[in-house]
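Step one of this worksheet: look at the structure below.
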């Protein structure tokens with residue numbers, strides 16, 4: 013719990029609840045300047061420190077008040093998503109103001125199309141496969157993004173039973189594809205090294221899953237260990253698809 017409280021947003025939530033005693037999710041989000049899914053994410057991590065009232069509001073528990081009092085004596089650091097403050101800050105901003113990140117996401121999708129067209133590849137969930145059907149790429153690239161988004165959206169709803177954060181998740185799906193381009197270095201350079209290709213694929217998918225899990229957590233308000241499991245399900249589907 014000590015590491016959880018090192019995040020300044022979670023400390024602020026405890027501060028708000030210690031002062032107001034109870035607050036709605038919207039009041040907390042407005043006070044922090046965060047999106048509702050991101051606040052849900054923080055509240056999920058604060059289980060034991062906060063509790064939900066019969067009216068659906070949140071209040072601080074005795075344990076939360078004790079930990080908050082102790083934390084006032086220490087300096088909070090911005091650690092968050094798996095110890096990576098930049099990743100947390102980036103996807104938290106995307107969840108709060110997705111319209112600012114949408115142009116960059118569209119540019120990344122367009123660049124992936126150009127890369128696939130040049131190297132004769134097509135996207136396949138969280139990977140790529142050889143393809144000579146260049147004329148279909150303008151449809152395949154966005155379709156693959158939408159399929160990944162739909163799978164994750166369905167799993168997120170099954171876990172949380174709530175909607176919201178769709179655009180930030182879509183942006184995260186697109187931006188998290190950039191590390192996957194590392195897997196195309198081998199065919200780009202014409203090395204034809206199976207070991208090098210496998211290593212690049214493993215590293216690229218690992219980085220992509222990490223970024224995607226962070227995006228899911230902050231856009232849908234899900235603990236990262238759960239969002240990682242969702243990404244592993246996606247990876248499993250990717251492996252199944254690769255067998256046909």
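In this note's numbering, the protein residues as written are 13 to 256. Don't be surprised by glycine CBs; every beta carbon is placed ideally from N, CA and C.
Check	Outcome
Residues that residue 34 bridges to, as DSSP identifies them	71
Cβ contact check for the stretch 69-76 and the stretch 28-38: 3 or more pairs under 8 Å	yes
Nearest candidate by alpha-carbon position, reference residue 133, set 118, 223, 179, 195	195
Where residue 143 sits in the DSSP three-state scheme	coil
C-alpha distance - residue 234 paired with residue 168, whole-angstrom precision	8 Å
Cutoff 8 Å: residue 195 Cβ touching any chain C Cβ	Protein chains in the displayed structure number just one, and chain C is not present.
Residue 139 classed as buried or exposed, judged by whether at least 16 other C-beta atoms fall within 10 angstroms	buried
Close beta carbons around residue 35, own chain, < 7 Å, minus the five adjacent residues each side	28, 29, 69, 70
Test item: CB-CB of residue 192 and residue 209 under 8 Å	no
For residue 64, the first and last residue of its enclosing beta strand (DSSP E)	62-64
Start and end residues, alpha helix (DSSP H) containing residue 49	48-57
The stretch 35-46 in contact with the stretch 152-167 per 3-pair CB rule at 8 Å	no
Residue 135 - containing beta strand (DSSP E), residue span	133-135
Residues of its chain near residue 22, where Cβ-Cβ distance is below 7 Å and the 5 sequence neighbours each way are ignored	16, 54, 57, 58
Distance between residue 141 and residue 152 (C-alpha atoms, nearest Å)	12 Å
Residue 188 - DSSP class collapsed to helix/strand/coil	coil
Which of helix, strand or coil DSSP assigns to residue 22	helix
For residue 156 and residue 137, believed in contact at Cβ under 8 Å, the rounded distance	7 Å
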